[in-house]
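A.B. asks: Sending over a structure as structure tokens; questions will come in a sec.
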Amino acid sequence: MWKNYDGNDHERDISKKGIEKTKNVAQKFLLKNEVIELCLYSSSKRTKKTLKIFNKIIQINKKREKKGLYHCSGAYIFNLIKKQNTKKSILIIGHEPSFSEFLDIIINSNVKINLSVLGEKIYTSSLIKIAIDVSTWANMNRKSNTLIYHICPDKYVGEMKKKSNQS
111 MWKNYDGNDH
121 ERDISKKGIE
131 KTKNVAQKFL
141 LKNEVIELCL
151 YSSSKRTKKT
161 LKIFNKIIQI
171 NKKREKKGLY
181 HCSGAYIFNL
191 IKKQNTKKSI
201 LIIGHEPSFS
211 EFLDIIINSN
221 VKINLSVLGE
231 KIYTSSLIKI
241 AIDVSTWANM
251 NRKSNTLIYH
261 ICPDKYVGEM
271 KKKSNQS
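Encoded structure:
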């Protein structure tokens, strides 16, 4: 159990270890020279602090709190992204198991996601990039999506290039 846990998960603070992991992932992401046009984040205290830490390293100009990201389903994340038609790159800060469920939805069901490729699981503070080949987010589906990379807090699990429409 966490030292900073008083029974209220939504208001649980980010741990010292979580702060360091977030800094580590943000530094690795910075090296990729990628732009984040929009960040959608959960209303929990620790995700707000995660965003603050990340934003000190990677400048994110547009940020939107989404209460629904706290304890949501993968389908919620899928539908939330489909509504974001004005931005090309979106960062979502939320919680597990929501992101694992989202990966199950967004990556074609004909392709078994090999969690060992993802570093065995999605660790706290991980960052996963998925290229979604659509002209607008509203057209997003389970086809032609590419899992590009997974940045783990303690290690980098390289470029993956696993096309979801390959078997």
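Residue 173 in my numbering sits at position 63 of the sequence shown, with consecutive numbering throughout. Just so you know, even glycine gets a beta-carbon here, dropped at the ideal spot from N, CA and C.
1) Could you tell me the boundaries of the beta strand (DSSP E) in which I240 lies?
2) Any chance the segment 135-143 sits against the segment 231-241, with 3 or more Cβ pairs inside 8 angstroms?
3) By the three-class DSSP mapping on this structure, what secondary structure does I106 have?
4) Within 10 Å of its beta-carbon, does N255 have 16 or more other beta-carbons around it, so buried, or fewer, so exposed?
5) What are the start and end residues of the alpha helix (DSSP H) that includes N189?
6) Under 7 angstroms Cβ to Cβ from Y186, same chain only, skipping five residues before and after it: list those, please.
7) To which residues of the same chain is M250 closer than 8 angstroms at the C-beta, ignoring the five residues directly before and after it?
8) Out of H205, F139, T160, N118, point me to the one whose CA is closest to I124's CA.
9) What is the DSSP secondary structure of K133, reduced to helix, strand or coil?
10) Since C149 sits in a beta bridge, which residues does DSSP pair it with?
11) Near N195, what residues of its chain come up, given a Cβ to Cβ distance below 8 angstroms and the 5 sequence neighbours on each side ignored?
12) Using 10 angstroms around the beta-carbon of L127, count the other beta-carbons present and answer buried if the total reaches 16, otherwise exposed.
13) In three-state DSSP terms, what is T246?
C.D. replies: Answer, in terms of the structure:
1) Under the DSSP assignment, I240 falls in the beta strand (DSSP E) whose first and last residues are 237-242.
2) The segment 135-143 is in contact with the segment 231-241.
3) Nothing can be reported for residue 106: it is not among the residues displayed for the chain, which extend from 111 to 277.
4) Taking a 10 Å sphere around the C-beta of N255, we find 16 or more other C-beta atoms and assign the residue as buried.
5) Counting along the chain, the alpha helix (DSSP H) containing N189 begins and ends at 184-192.
6) Same-chain partners within the cutoff: G178.
7) Cβ within range, chain order: F188, I191, K192, I216, I242, V244.
8) It is T160.
9) Three-state result, K133: helix.
10) For C149, which the question treats as bridged, DSSP gives the partners K173, L201.
11) The beta carbon of N195 sits closer than 8 angstroms to those of T246, W247, A248, all from its chain and outside the five residues before and after it, given in chain order.
12) Here residue 127 is Lys; the residue named in the question, Leu, does not match the sequence. Flag for K127 reads exposed.
13) It is coil, neither helix nor strand.
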